[in-house]
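Asker:
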Amino acid sequence: MIKARITVTLKNGVLDPQGKAIEHALSGMGFDGVG
-9 MIKARITVTL
1 KNGVLDPQGK
11 AIEHALSGMG
21 FDGVG
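If you read the sequence shown in the working numbering, its first letter stands for residue -9, the second for the next number, and so on.
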């Protein structure tokens, strides 16, 4: 099994509605450490 760790960061003060949607979807699929 391949494991990967991906870190994505944004600049402070940037609103990211698409990122929030992805964060919610991944956490709903059981991915830990999202958000």
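Each residue gets a CB set at the ideal place from its N, CA and C atoms; glycine is no exception.
Restricting to Cα atoms, I'd like to know which of M(-9), I(-8), G9 and K(-7) is closest to T(-1).
Answerer: Along the sequence shown, one-based indexing puts residue -1 at 9. That would be G9, whose Cα lies nearest to the Cα of T(-1).
Asker: Going straight from the alpha carbon of T(-3) to that of G23, what length do you get?
Answerer: Within the sequence shown, the letter at position 7 stands for residue -3. Within the sequence shown, the letter at position 33 stands for residue 23. Rounded to the nearest angstrom, the two C-alpha atoms are 10 Å apart.
Asker: Locate the alpha helix (DSSP H) running through A(-6), then write down its first and last residues.
Answerer: Within the sequence shown, residue -6 is the residue found at index 4, counting from 1. Note, A(-6): premise wrong, no alpha helix (DSSP H); not H, not E.
Asker: Starting from G9, trace the alpha helix (DSSP H) both ways and give me its first and last residue.
Answerer: Against the sequence shown, residue 9 aligns to sequence position 19. Start and end: P7 to G18.
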